[in-house]
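Scroll down for the structure; my scribbles are underneath it.
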Amino acid sequence: MQSPGLHGRADAAAALDRLLTGTGLVALRQPSGGYTLVRSPAGPAAPSAGAALATDTTLPTVSVRASGLHADSYRAPREAAGLRSDAPLAEVPQAVNIVAPQVLRDQRPRNLDDALANVSGITQGNTLGSTQDTVMKRGFGDNRDGSVMRNGMPIVQGRSLNATTDSVEVLKGPASLLYGIMDPGGVINVVTKQPQLTRHNAISVLGSTYGHGRNGGELTFDSTGAIGDSRLAYRLIVDQTNEQYWRDYGEHRETLVAPSLAWYGRDTQVVLSYEYRRFLMPFDRGTALDPRTNEPLAIPARRRLDEPFNDMRGESNLVQLTVDHQLAPNWKAHLGYSYNRETYDANQIRITAVDPVKGTLTRSNDATHGSRSTDSYAIAYVDGRVTLAGMRHDVQFGVDSEYRQVYRADMLRQAIKTPFSYLNPTYGLIPPSTSVSASDSDQSDTLHTASLFFQDSIHLTDKWILVGGARFVRYSQLAGRGRPFRVNTNLSGTKWLPRAGIVYKWNDALSLYGSYTQSLKPTSKIAPMSGGYVIDGSTAPEQGASWELGAKLDLPSGFAGTLAFFEIDKKNVLVSQYNDATNQTDWRTSGRARSRGIELDVSGRIGERWNVIASYAYIDAKTTEDPLYAGNRLWNVARHTASLAAVYDAGAVFGGDDLRIGAAGRYVGARPGDSANSFTLPAYATADAFATYDTRVGKQKLQFQLNVKNLFNRTYYPSSVNRFFVSVGDARQVSLLTTLQF
61 MQSPGLHGRA
71 DAAAALDRLL
81 TGTGLVALRQ
91 PSGGYTLVRS
101 PAGPAAPSAG
111 AALATDTTLP
121 TVSVRASGLH
131 ADSYRAPREA
141 AGLRSDAPLA
151 EVPQAVNIVA
161 PQVLRDQRPR
171 NLDDALANVS
181 GITQGNTLGS
191 TQDTVMKRGF
201 GDNRDGSVMR
211 NGMPIVQGRS
221 LNATTDSVEV
231 LKGPASLLYG
241 IMDPGGVINV
251 VTKQPQLTRH
261 NAISVLGSTY
271 GHGRNGGELT
281 FDSTGAIGDS
291 RLAYRLIVDQ
301 TNEQYWRDYG
311 EHRETLVAPS
321 LAWYGRDTQV
331 VLSYEYRRFL
341 MPFDRGTALD
351 PRTNEPLAIP
361 ARRRLDEPFN
371 DMRGESNLVQ
381 LTVDHQLAPN
391 WKAHLGYSYN
401 RETYDANQIR
411 ITAVDPVKGT
421 LTRSNDATHG
431 SRSTDSYAIA
441 YVDGRVTLAG
451 MRHDVQFGVD
461 SEYRQVYRAD
471 MLRQAIKTPF
481 SYLNPTYGLI
491 PPSTSVSASD
501 SDQSDTLHTA
511 SLFFQDSIHL
521 TDKWILVGGA
531 RFVRYSQLAG
541 RGRPFRVNTN
551 LSGTKWLPRA
561 GIVYKWNDAL
571 SLYGSYTQSL
581 KPTSKIAPMS
591 GGYVIDGSTA
601 PEQGASWELG
611 AKLDLPSGFA
621 GTLAFFEIDK
631 KNVLVSQYND
641 ATNQTDWRTS
651 GRARSRGIEL
661 DVSGRIGERW
671 NVIASYAYID
681 AKTTEDPLYA
691 GNRLWNVARH
701 TASLAAVYDA
711 GAVFGGDDLR
721 IGAAGRYVGA
731 RPGDSANSFT
741 LPAYATADAF
751 ATYDTRVGKQ
761 KLQFQLNVKN
771 LFNRTYYPSS
781 VNRFFVSVGD
791 ARQVSLLTTL
801 QF
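Heads up: the sequence shown runs through residues 61 to 802, numbered per this note's numbering.
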């Protein structure tokens with residue numbers, strides 16, 4: 061028996077009717093809502109269900125539950141790779157948000173910040189001159205917090221979104237049971253495209269412009285398929301980007317080559333992937349504040365305050381290997397290894413003072429040469445299902461180890477004596493710095509961890525699930541700088557990190573949950589601290605604890621949502637205070653911060669033609685204990701954030717071609733610009749739009765996609781480091797993408 065297959069959209073009855081055409085079978089709907097397959101009647105009149113069952117042999121009932129979604133759906137998958145489990149999200153006592161593949165295809169985010177605009181409780185942190193992904197999650201995060209993963213394994217925190225990305229997952233709250241040492245805000249997991257046994261090839265050409273002579277282009281090739289008749293599949297993704305920066309000067313050039321192989325055996329799956337990136341990007345600290353008004357300088361947003369040699373040049377190599385083996389019907393073993401190294405050289409002019417009367421800046425000529433960041437990670441774990449005392453237990457246990465190092469060889473520091481006019485700038489009067497600062501060079505921060513972890517999800521009844529687990533982590537950290545090298549952090553320790561949660565499945569569509577989790581992050585400083593203070597084993601590590609209550613909705617129509625209430629308390633934050641009696645600065649782990657709030661995320665289909673993804677968060681994040689900053693709001697964290705993206709599928713137009721039109725908007729409330737709350741970044745709202753048109757050239761699919769970023773060309777400031785480093789959001793960009801699939 062052979063079916064003609066099914067292509068396009070149809071309800072269950074129509075789909076079965078088309079699938080069974082020519083097979084001699086028909087599907088009869090039963091009172092229970094299921095369907096029975098019977099022989100097609102010889103005459104024109106179809107038999108009743110009772111008659112059919114009386115004359116045909118009845119086979120045992122087969123229950124089919126499909127987790128697949130429409131290929132163009134905004135609704136996230138029902139499982140998350142970052143959870144290292146095939147448990148449905150409805151049974152996980154934690155908020156997990158997923159930016160689905162179709163959302164990324166429609167919006168074409170330029171970096172992780174753009175992609176996560178669709179997720180609640182997310183703002184931008186210190187991106188090191190727009191060269192790194194730094195995500196504030198529920199109020200916590202920095203550019204060395206180790207919270208960005210690739211396929212569930214940690215990587216160097218550079219730019220992690222590129223042509224290999226398939227989807228982006230956000231695991232909210234402390235994820236230390238799964239991932240070990242990190243801040244308590246959450247984890248970002250970038251899931252990449254995998255080799256497929258079905259052949260598919262695509263070539264994409266993109267042209268873009270900022271509308272004032274700053275243009276760009278991108279060429280992408282994506283090929284996958286089986287190698288011969290074996291179960292071995294390959295994938296090759298190559299991408300080349302060349303674009304001019306939207307501000308006065310600067311270029312972004314990036315080359316990506318990403319081959320991968322996968323073996324899909326009966327009981328074993330092996331995936332080996334490699335990614336090479338070579339990049340040149342502007343190192344842009346943005347603008348500065350006018351000290352008289354505490355607002356950004358009154359100059360055009362495109363005006364840069366550094367020099368044309370402000371850029372970062374580097375390379376990244378990433379290798380990952382995963383092995384999954386079915387040990388028994390209910391047991392699986394998993395092995396994973398990831399190695400990532402990124403090197404770069406960066407030049408930067410830094411503002412050190414602003415004179416608004418003369419309209420000038422004081423600047424320093426600095427650089428980093430020989431920067432090298434490395435992350436090596438290995439994991440082995442087993443998960444399975446057993447029945448004890450009449451209750452189902454979903455068990456997971458394993459070990460992992462990580463080596464993480466940030467090293468910067470030559471740190472160049474050079475004063476500039478000549479003031480720089482920000483009202484009438486003249487560039488190119490000074491060369492890049494050549495003065496190496498011995499006391500600042502050879503910066504190094506090395507972290508070693510080794511852990512045991514286990515978790516058990518106990519299905520007490522059909523409705524109640526109790527989740528418990530813990531991680532035992534052993535860690536050591538060494539950090540310092542200078543020639544000769546001066547150690548400023550030298551510590552080691554061990555810690556148990558528990559997790560507990562409970563889930564109540566109200567019905568098949570709604571579940572309620574509560575959870576308690578802890579996190580750990582050793583205190584570390586590269587720079588020397590006054591008074592000769594050295595962080596050692598007697599210095600308590602930063603610890604976080606989180607309580608979360610929530611509800612999850614998953615409708616059969618393909619619409620889902622999560623509502624979460626949370627509170628995170630972080631203690632043992634290293635703080636300093638000047639001691640008048642000793643004329644020295646005292647250091648101690650007496651700082652404390654707290655973040656609490658509410659988050660709402662929804663996504664999926666509304667009817668047959670609409671897809672939406674939306675979010676809202678209210679976060680009250682503040683320093684609760686500190687000699688100077690107690691009561692202050694946390695830096696770069698907005699109280700209110702919201703987003704909405706919607707797409708309308710117009711269906712067949714112009715003789716059968718498909719047209720889709722969409723728009724997205726995001727609001728970010730006012731945020732403190734520094735820990736002292738000495739200035740505030742203003743709230744902003746931006747809007748994007750896109751349209752796609754699908755047609756054919758012969759038998760090949762051809763798609764045209766128009767995207768407009770920052771549709772109304774708003775000037776906005778997404779983050780800051782201090783009053784001299786205030787990031788400026790990108791201007792309006794228009795791009796046209798043409799993709800041929802074959």
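Beta carbons are placed, not taken as given, at the ideal position from N, Cα and C, and that holds for glycine.
May I ask which residues mark the beginning and end of the alpha helix (DSSP H) holding residue i?
i, result
"Ala175", "172-175"
"Asp166", "161-167"
Let's see if you can read the secondary structure: which residues bound the beta strand (DSSP E) around residue i?
i, result
"Asp282", "275-286"
"His260", "260-269"
"Gly805", "Coverage of the chain is limited to positions 61 through 802, which leaves residue 805 absent and any answer about it impossible."
"Ile679", "670-685"
"Asn342", "Inspection of the sequence shows that residue 342 is occupied by Pro rather than by Asn. 328-342 is the span of the beta strand (DSSP E), which, as asked, contains Pro342."
"Gly550", "Note on identity: in this sequence residue 550 is Asn, with Gly being the wrong assignment. Per DSSP, Asn550 belongs to the beta strand (DSSP E) from 546-565."
"Val228", "225-232"
"Lys585", "No beta strand (DSSP E) contains Lys585, which DSSP labels as neither H nor E."
"Val195", "195-197"
"Arg210", "208-210"
Does DSSP put residue i in a helix, a strand or coil?
i, result
"Gly245", "coil"
"Tyr239", "helix"
"Glu608", "strand"
"Asn178", "helix"
"Gly84", "coil"
"Ala111", "Here Ala111 scores only 45 on pLDDT, less than 50, and its place in the model should not be relied on; the value that follows carries that caveat. Here Ala111 sits in helix by DSSP."
"Leu378", "strand"
"Gly789", "coil"
"Gly803", "Examination of residue 803 is not possible in this model, given that the chain is present from 61 through 802 alone."
"Leu580", "strand"
"Leu76", "helix"
"Leu149", "helix"
"Ser575", "strand"
"Pro104", "Because Pro104 carries a pLDDT of 44, less than 50, the predicted location of this residue cannot be relied on, and the following value inherits that uncertainty. In the structure shown, Pro104 sits in coil (DSSP, three-state: anything other than H, G, I, E or B)."
"Val417", "coil"
"Ala293", "strand"
"Pro91", "Low per-residue confidence applies at Pro91: pLDDT is 48, beneath 50, and the placement is therefore not dependable, though the value from the model is reported in the following sentence. Pro91: coil per DSSP, three-state reduction."
"Leu253", "Correcting the residue identity first, residue 253 is Lys in this sequence and not Leu. In this structure, Lys253 counts as coil in the three-state DSSP scheme."
"Ala702", "strand"
"Tyr404", "strand"
"Trp391", "strand"
"His312", "strand"
"Arg99", "strand"
"Ala690", "coil"
Beta-carbon within less than 6 Å of residue i's beta-carbon, same chain only, minus the 5 sequence neighbours each way: which residues are those?
i, result
"Pro91", "Because the pLDDT of Pro91 is 48, which lies under 50, any placement of that residue in the model is unreliable, and the number read from its coordinates should be weighed accordingly. So the list is empty, once near-sequence residues are dropped."
"Lys253", "Thr224, Asp226"
"Ser703", "Ala177, Asn178, Ser675, Arg726"
"Val466", "Ser433, Asp505"
"Val713", "Leu719"
"Thr280", "Ala223, Ser264, Asp299"
"Phe369", "Asn407, Pro492"
"His394", "Asp384, Tyr441"
Name the one or two DSSP bridge partners that residue i has.
i, result
"Tyr437", "Ser398, Glu462"
"Ala155", "BP columns for Ala155 are empty, so no partner."
"Leu873", "The shown model of the chain, from 61 to 802, leaves out residue 873, and the question about it has no answer."
"Trp323", "Leu292, Val330"
In chain order, what residues of the same chain have a beta carbon less than 8 Å from the beta carbon of residue i, not counting five sequence neighbours either side?
i, result
"Lys585", "Ala539, Asn548, Thr549, Ile595, Leu634"
"Thr554", "Phe532, Val533, Arg534, Tyr535"
"Val156", "Ala140, Gly142, Leu143, Leu149, Glu229, Val230, Leu231, Lys232, Thr622"
"Arg259", "Thr284, Gly285, Ala286"
"Pro351", "Val414, Pro416, Arg783"
Might you give, ordered along the chain, the residues of its own chain that have their beta carbon closer than 7 Å to the beta carbon of residue i, omitting 5 neighbours on each side?
i, result
"Leu152", "In the sequence on display, residue 152 carries Val and not Leu. The residues are Leu143."
"Gln760", "Leu800, Gln801, Phe802"
Suppose only complete runs of 3+ residues qualify. What are the beta strand (DSSP E) ranges in the region 460-520, listed by chain order? 503-519
Minimum length 3: unbroken beta strand (DSSP E) runs contained in the region 709-788: 717-728, 744-757, 760-769, 780-782
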